[in-house]
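Just so you know, the protein sequences line up as chains A and U, in that order.
Counting from 1, one number per residue, gives the positions in the first sequence under UniProt numbering.
Counting from 1, one number per residue, gives the positions in the second sequence under UniProt numbering.
Notes for the one structure printed next.
2 protein chains.
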Amino acid sequence: MNTRRATIADVARRAGVAPSTASVVFSGKTPSSAATRQRVLDAAAELGYTGPDPRAASLRLGRSGIVGVVFEEHLGTAFLDPVNTVMMDGLADGVSPLGAGLLLLRDDDNEGRLPTLTSAPLDAAVLVGCSGRLRDSLATVLRRGIPVVVIEGDAGDGVPQIDLDNREAQQQMARHLRSLGHERVATVTLPTDAARLRGFIAAGAEVTVGVTRDRLDGLRDVYPDAVAYAAAASSIDEGLAAGRVLLAGGAARPTAVIAQSDLLAAGVIRAAEEAGLRVPEDLSVTGFDGITVDGLAPYRLTTMAQPAADKGRAAGQAVAAMLGGEAAASFRFTCTFRAGNTTGPA
Amino acid sequence: MNTRRATIADVARRAGVAPSTASVVFSGKTPSSAATRQRVLDAAAELGYTGPDPRAASLRLGRSGIVGVVFEEHLGTAFLDPVNTVMMDGLADGVSPLGAGLLLLRDDDNEGRLPTLTSAPLDAAVLVGCSGRLRDSLATVLRRGIPVVVIEGDAGDGVPQIDLDNREAQQQMARHLRSLGHERVATVTLPTDAARLRGFIAAGAEVTVGVTRDRLDGLRDVYPDAVAYAAAASSIDEGLAAGRVLLAGGAARPTAVIAQSDLLAAGVIRAAEEAGLRVPEDLSVTGFDGITVDGLAPYRLTTMAQPAADKGRAAGQAVAAMLGGEAAASFRFTCTFRAGNTTGPA
DNA sequence: TTGTACGCGTTATCAA
DNA sequence: TTGATAACGCGTACAA
Numbered sequence: 001m002n003t004r005r006a007t008i009a010d011v012a013r014r015a016g017v018a019p020s021t022a023s024v025v026f027s028g029k030t031p032s033s034a035a036t037r038q039r040v041l042d043a044a045a046e047l048g049y050t051g052p053d054p055r056a057a058s059l060r061l062g063r064s065g066i067v068g069v070v071f072e073e074h075l076g077t078a079f080l081d082p083v084n085t086v087m088m089d090g091l092a093d094g095v096s097p098l099g100a101g102l103l104l105l106r107d108d109d110n111e112g113r114l115p116t117l118t119s120a121p122l123d124a125a126v127l128v129g130c131s132g133r134l135r136d137s138l139a140t141v142l143r144r145g146i147p148v149v150v151i152e153g154d155a156g157d158g159v160p161q162i163d164l165d166n167r168e169a170q171q172q173m174a175r176h177l178r179s180l181g182h183e184r185v186a187t188v189t190l191p192t193d194a195a196r197l198r199g200f201i202a203a204g205a206e207v208t209v210g211v212t213r214d215r216l217d218g219l220r221d222v223y224p225d226a227v228a229y230a231a232a233a234s235s236i237d238e239g240l241a242a243g244r245v246l247l248a249g250g251a252a253r254p255t256a257v258i259a260q261s262d263l264l265a266a267g268v269i270r271a272a273e274e275a276g277l278r279v280p281e282d283l284s285v286t287g288f289d290g291i292t293v294d295g296l297a298p299y300r301l302t303t304m305a306q307p308a309a310d311k312g313r314a315a316g317q318a319v320a321a322m323l324g325g326e327a328a329a330s331f332r333f334t335c336t337f338r339a340g341n342t343t344g345p346a
Numbered sequence: 001m002n003t004r005r006a007t008i009a010d011v012a013r014r015a016g017v018a019p020s021t022a023s024v025v026f027s028g029k030t031p032s033s034a035a036t037r038q039r040v041l042d043a044a045a046e047l048g049y050t051g052p053d054p055r056a057a058s059l060r061l062g063r064s065g066i067v068g069v070v071f072e073e074h075l076g077t078a079f080l081d082p083v084n085t086v087m088m089d090g091l092a093d094g095v096s097p098l099g100a101g102l103l104l105l106r107d108d109d110n111e112g113r114l115p116t117l118t119s120a121p122l123d124a125a126v127l128v129g130c131s132g133r134l135r136d137s138l139a140t141v142l143r144r145g146i147p148v149v150v151i152e153g154d155a156g157d158g159v160p161q162i163d164l165d166n167r168e169a170q171q172q173m174a175r176h177l178r179s180l181g182h183e184r185v186a187t188v189t190l191p192t193d194a195a196r197l198r199g200f201i202a203a204g205a206e207v208t209v210g211v212t213r214d215r216l217d218g219l220r221d222v223y224p225d226a227v228a229y230a231a232a233a234s235s236i237d238e239g240l241a242a243g244r245v246l247l248a249g250g251a252a253r254p255t256a257v258i259a260q261s262d263l264l265a266a267g268v269i270r271a272a273e274e275a276g277l278r279v280p281e282d283l284s285v286t287g288f289d290g291i292t293v294d295g296l297a298p299y300r301l302t303t304m305a306q307p308a309a310d311k312g313r314a315a316g317q318a319v320a321a322m323l324g325g326e327a328a329a330s331f332r333f334t335c336t337f338r339a340g341n342t343t344g345p346a
């Protein structure tokens, strides 16, 4: 029982061929005679050799087959909203032609500053929701010279970005409500900055998260004076908390609430039910994303459906292109209005 | 503009030191004089060198800092239930002493059979929910001689497993209902096999998924004749569908429903509401997991809380131990009964 | 504290 | 179709 693992050289020696020949048998890059192949395979079996060591191969090839995905929140938070997991599925699809896997990176300010991001054998990186701390990650990756794509964030420079037409989409939704005759409209937004504080957004307040800002701007294009309340995360419970605040206004309460995500909208609907308001008769509620909100039936949200899986897939393809030496272009996806049963006349 | 990336040798040459010295400066494994360090760092900055290439380092060290996590479902499905994301967070914690990241692997039967699992530079692997197709993954990993830990699955052999006392826990919950006087009890189970078909589970039917089987057995220890209905996934909507079927029975309908997950329980509660039944006055409902079900308030599920994060952390620690050359033992966690407001007297 | 020499395991290139 | 050779970029004994 040898303690050392067999290498391709051992296999080659045992099979009586050159190491390069054995390598060719495993990679299949060059034709080899059936007899040779069999001899090599037999030798490998006898030695318990299961194929080239990926570490050595990746050094030689300059490719590890690993794409890093960096979120700026904890995994638990990031995956709370299905829109992110759907995007991840698309991303997994997008990179699969590369035979690549996805390495989950937490953007904590752990002890070592971004330890894995600097030390992981990445072929490329995808940053999700670039704002705040993620800018450090971006700098790190750019310095390493690794191809990087940013989803839903402003990366500046020549970094390909995969975006949505957030402002136009929210504008469209606001016009829908206007056409229904709504005058008093409030909105529940996604977090406005890294602090993720819950509360009303003052008129001139700065919103550093791009998605949140753009959707808010879209709403204000139509309703300049809409009241805005920021949630601390995208979840039903956060929507519920925000909804309670917004619907407590008595006579001045809004007749419609525009939520910046479907989960938030679901929470607002719960708040309405609590307050004895019927949706959509007494209150119209709109979402954003177009995901399936687990447990929301029989409501079907009126929402702006975003192509989340396509977004991920596009990011994957952009990564693949860059690794192929081509320049990848930024791409902006369009959301589509989807009527449900949660909006009605004022 | 040189096309080739700078290596540590280039940096050393420019700094006028030996490569090994430069290496030491970056790794910090051996003390070096401040002057030398500064010269090396300056040279690195001038050359745009950002530190050792992880690919080369991992070959040299025999470590890649990557732990593979293999699910048997699509990412979107796996992450639908928070219990899994919580577990992932724990796992991320558990492997962080290794400075390792988590590589997400889909266990699809894609064209290439498990391409990434065989070709990724993994230090270790964690299989989640070992049953059906995952057995192939297990064989693959074992053949590669990579340390592997199985969460919630039967791996046989000497593979460390991280489990729950599913049977005892469900038994305990069943006794809780019995002590409340319930006679007609039904259960909504997690998927029973790889096919994930929805429907009643016949008396002698085989249940191949261990978790599902064990919890069902625990229930039958107390209520041998309980009606069982299998859901196709762990979600509120699946629980709702199952609840509709189980509560349609008229006079023979159960007075209590034991769900095998909190999400399923939430769905059953919705079904009860639909049917005009009050929880817990007309129907008691119990869950399993002890997660926070987004949007379920004001209900607080009576449930068996499982230490999901600890499970992940333990798996991470087992992996770390095995990489340290120690043998890792299997571990079985215990669930704890948590009273909520969803159960009451029959 | 620094330098020399070597090997980690593989694969591309080129010649035979 | 096969074989010899030379990197890939780094870390670490060991000697100085």
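Ideal placement from N, C-alpha and C gives every residue a C-beta, glycine not left out.
None of the values given here were measured: they were computed from a predicted structure.
Ranked by Cα distance from E168/A, the options D221/A, A266/A, M322/A, G181/A are led by D221/A. Contact annotation for I66/A against chain U: I66, L103, A120, P121 [CB-CB distance below 8 Å, chain order]. Contact check for V293/U against A256/U fails: the beta carbons are separated by 9 Å or more. If you compare the alpha carbons of D42/U, V95/U, T140/U, R196/U with that of A232/U, the shortest gap goes to R196/U. The DSSP-derived three-state label of R338/A is strand. When 8 Å is used as the limit between beta carbons, T85/U is near these residues of chain A: L75, G76, F79, L80, in chain order.
Going by beta carbons, A226/A and V185/A fall inside the 9 Å limit. Proximity of D89/A to chain U, defined by a Cβ-Cβ separation below 9 Å, is satisfied. Within the DSSP secondary-structure output, F331/U pairs in a beta bridge with I162/U. Going by DSSP, V17/U is part of no beta strand (DSSP E) at all; its letter is neither H nor E. For S235/U, the chain A residues whose Cβ falls inside 7 Å of its Cβ are D294, in order along the chain. Here the alpha carbon of G28/U sits roughly 12 Å from the alpha carbon of A34/U. Residues of the same chain with a CB within less than 6 Å of the CB of R215/A, apart from the 5 flanking positions on each side, are N166, Q170, Q260 in chain order. By the criterion of a C-beta distance shorter than 6 Å, T342/A is surrounded in its chain by V279, P280, V285, Y299, L301, T302, once the five residues flanking it on both sides are discounted. Rounded to whole angstroms, the separation of the alpha carbons of P160/A and E73/A is 22 Å. For P19/A, no chain U residue has a C-beta closer than 9 Å to its own C-beta; the minimum C-beta separation is roughly 16 Å. Taking 9 Å as the CB threshold, R143/U lines the interface with chain A. Identification of residues in the UniProt domain "HTH lacI-type" (6 to 61) of chain A having a C-beta nearer than 7 Å to some C-beta of chain U yields T50, G51, P54, R55, A56, S58, L59, given in sequence order.
Non-local beta-carbon contacts of S23/U in its own chain, meaning distances under 7 Å to residues more than five positions away in sequence, involve I8 in chain order. Put simply, the CB of R135/A is far from chain U, with every gap to its CB atoms at 9 Å or more. Taking CB atoms only, T342/A has no neighbour in chain U less than 9 Å away. If you look at A315/U, you'll find it in the alpha helix (DSSP H) that goes 308 to 323.
Taking 9 Å as the cut-off, the beta carbon of V211/U is found closer than this to the beta carbon of G129/U. Taking the Cα of A315/U as reference, the smallest distance to any Cα among G101/U, R175/U, I151/U, T189/U is reached at I151/U. Within the region 248 to 271 of chain U, L263, A266, G267, R270 place their CB atoms closer than 8 Å to a CB of chain A, listed in sequence order. Residues of the region 303 to 331 of chain A with a Cβ closer than 8 Å to any Cβ of chain U: none. Here the C-alpha atom of L127/A lies approximately 47 Å from the C-alpha atom of R14/A. Counting along the chain, the unbroken alpha helix (DSSP H) around I236/U starts and ends at 236 to 246.
DSSP places V209/A outside both helix and strand once states are collapsed to three, so it counts as coil. Contacts with chain A (Cβ-Cβ distance below 7 Å) from the region 144 to 161 of chain U involve R144, G145, listed in chain order. Under the rule that a run must span 4 or more residues, the alpha helix (DSSP H) segments found entirely inside the region 77 to 162 of chain U read 82 to 95, 115 to 119, 134 to 144. For A226/U, the three-state secondary structure derived from DSSP is coil. Taking a Cβ-Cβ threshold of 8 Å, the residues of chain U close to A92/A are L75, L104, R106, in chain order.
By the 16-neighbour rule on beta-carbons within 10 angstroms, T336/U is exposed. If you look at S58/U, you'll find it in the alpha helix (DSSP H) that goes 54 to 61. Counting C-beta atoms within 10 angstroms of its own C-beta, S235/A has 16 or more neighbours from the protein chains shown and is therefore classed as buried.
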